[in-house]
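K.L.:
The opening position of the sequence shown corresponds to residue 6 in this note's numbering, with each subsequent residue numbered one higher. Note that beta-carbon positions come from the ideal geometry of N, C-alpha and C, so glycine has one too. Given the structure is predicted, the values throughout are model-derived calculations rather than measurements. The structure follows.
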Amino acid sequence: MTSLTSERFIAMFRTLAERIEQEKGYLCELDGHIGDADHGIAMAQGFAAVRAALDAADASAITPTEVFNTAAKSFLNAVGASSGPLYATAFMRTGTLLKGKAEAAAEDGPAVIEAMAKGIQERGKAEIGEKTMIDAWLPAAHAVAAAREAGKAPKDMLQAAADAAQAGADGTKDMVASKGRSSRLGERSLGHMDPGAVSAAMIVRIIAASLSD
Ligand code: ADP
Ligand code: MG
Ligand code: MG
Numbered sequence: 006m007t008s009l010t011s012e013r014f015i016a017m018f019r020t021l022a023e024r025i026e027q028e029k030g031y032l033c034e035l036d037g038h039i040g041d042a043d044h045g046i047a048m049a050q051g052f053a054a055v056r057a058a059l060d061a062a063d064a065s066a067i068t069p070t071e072v073f074n075t076a077a078k079s080f081l082n083a084v085g086a087s088s089g090p091l092y093a094t095a096f097m098r099t100g101t102l103l104k105g106k107a108e109a110a111a112e113d114g115p116a117v118i119e120a121m122a123k124g125i126q127e128r129g130k131a132e133i134g135e136k137t138m139i140d141a142w143l144p145a146a147h148a149v150a151a152a153r154e155a156g157k158a159p160k161d162m163l164q165a166a167a168d169a170a171q172a173g174a175d176g177t178k179d180m181v182a183s184k185g186r187s188s189r190l191g192e193r194s195l196g197h198m199d200p201g202a203v204s205a206a207m208i209v210r211i212i213a214a215s216l217s218d
């Protein structure tokens, strides 16, 4: 089975930077409905900084843990919005998950989704139903656990995570925000998808595709 090398994780971050840059306008537009219209800029800036930091690193000399710790640090420094510390914590937790491994195994791919979800929840303390990125990340993590329990292969666990994150993001449309900036809108946040949940679904899908096979 193919292993998950530092090169694989760096390639994953490059794809994240490319794709989130393409979705920047859409994510800002979503944030414009219920927030301050900067979510796409924040996420694109964050991943661009991660890509630049990893481009400067020697891929053959750094461990997967160092890849994620570098990502955490550069994302945090580049992003002033609330998503900054949330994703920085997600990457830090993943760095801890992979500690001591020269390269990760295929089974670690789905565990990356779980570690990221855990980090975001620990940092932001949001629960399901509060109309945040947690409404995409937690279902993704739960889907991984359920698929593992059912004896599924890592790539099917990742696919289940991507589908659950998308369904979770879609579901935020019918929620009233109670965490973050959009909670100030109360009932007026109804009818709009949460931008952080939408970007989370994109991120989970990209991670799933990058870490499969
Ligand atoms: P800001 O609101 O500071 O402008 P962003 O626009 O980058 O930050 O991100 C907004 C997103 O952050 C929201 O759509 C929501 O998904 C997410 N968010 C806000 N607060 C929390 C929290 N406590 N836990 C999880 N996610 C949160
Ligand atoms: Mg915003
Ligand atoms: Mg902002």
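According to DSSP, is A213 part of a helix, a strand, or is it coil?
P.N.:
helix
K.L.:
Hey, how far is the Cα of R13 from the Cα of E26?
P.N.:
20 Å
K.L.:
Between the Cα of I212 and the Cα atoms of F96, S188, G156 and G196, which residue gives the shortest distance?
P.N.:
Nearest option by C-alpha distance: F96.
K.L.:
Looking at V84: is its Cβ nearer than 8 Å to the Cβ of A47?
P.N.:
yes
K.L.:
Have a look at R19 and E132 and give me their C-alpha separation to the nearest angstrom.
P.N.:
30 Å
K.L.:
Are there three or more Cβ pairs, one per stretch, closer than 8 Å when the stretch 141-151 is compared with the stretch 159-168?
P.N.:
The stretch 141-151 vs the stretch 159-168: in contact.
K.L.:
For Y31, which option in S217, S215, L216 and M207 has the closest C-alpha, if you only look at C-alpha atoms?
P.N.:
M207
K.L.:
May I ask whether a heavy atom of ligand 1 can be found less than 7 Å away from the beta carbon of R186?
P.N.:
yes
K.L.:
Taking all protein chains shown into account, do 16 or more other C-beta atoms lie within 10 angstroms of the C-beta of E192, making it buried, or fewer, making it exposed?
P.N.:
exposed
K.L.:
Could you name each continuous alpha helix (DSSP H) segment of 4 residues or more that falls completely within the stretch 58-100, going from the start of the chain to the end?
P.N.:
69-83
K.L.:
So does the stretch 189-205 actually touch the stretch 33-47, counting three or more Cβ pairs closer than 8 Å?
P.N.:
yes
K.L.:
Any heavy atom of ligand 1 closer than 7 Å to the CB of S88?
P.N.:
yes
K.L.:
Do you know whose CA, among A66, D199 and L102, lies nearest I39's CA?
P.N.:
Ranked by how close their Cα comes to the Cα of I39, the residues A66, D199 and L102 have D199 in first place.
K.L.:
Looking at C-alpha atoms only, which residue of M138, A16, R210 and A111 is the closest neighbour of P159?
P.N.:
A111
K.L.:
Give the DSSP-derived three-state secondary structure of L35 in the structure shown.
P.N.:
helix
K.L.:
Nearest CA to the CA of P115: which residue from S217, T10 and S11?
P.N.:
S217
K.L.:
Taking 8 Å as the cut-off, decide whether the C-beta atoms of L9 and E71 are in contact.
P.N.:
For L9 and E71, no; Cβs fall outside 8 Å.
K.L.:
Hey, how far is the Cα of A150 from the Cα of S87?
P.N.:
27 Å
K.L.:
Cutting at 6 Å between CB atoms, please list the residues of its own chain near H197, excluding the five before and the five after it.
P.N.:
H38 and I39
K.L.:
To the nearest angstrom, report how far apart G105 and I67 are at their CA atoms.
P.N.:
12 Å
K.L.:
Which residue spans inside the stretch 148-203 form an unbroken alpha helix (DSSP H) run of at least 4?
P.N.:
The stretch 148-203 is shown to contain whole alpha helix (DSSP H) runs of 4 or more residues at 159-176, in chain order.
K.L.:
Mapping the DSSP letters down to three states, classify A109 as helix, strand or coil.
P.N.:
For A109, the secondary structure class from DSSP, reduced to helix, strand or coil, is strand.
K.L.:
Looking at A141: is its Cβ nearer than 8 Å to the Cβ of V55?
P.N.:
no
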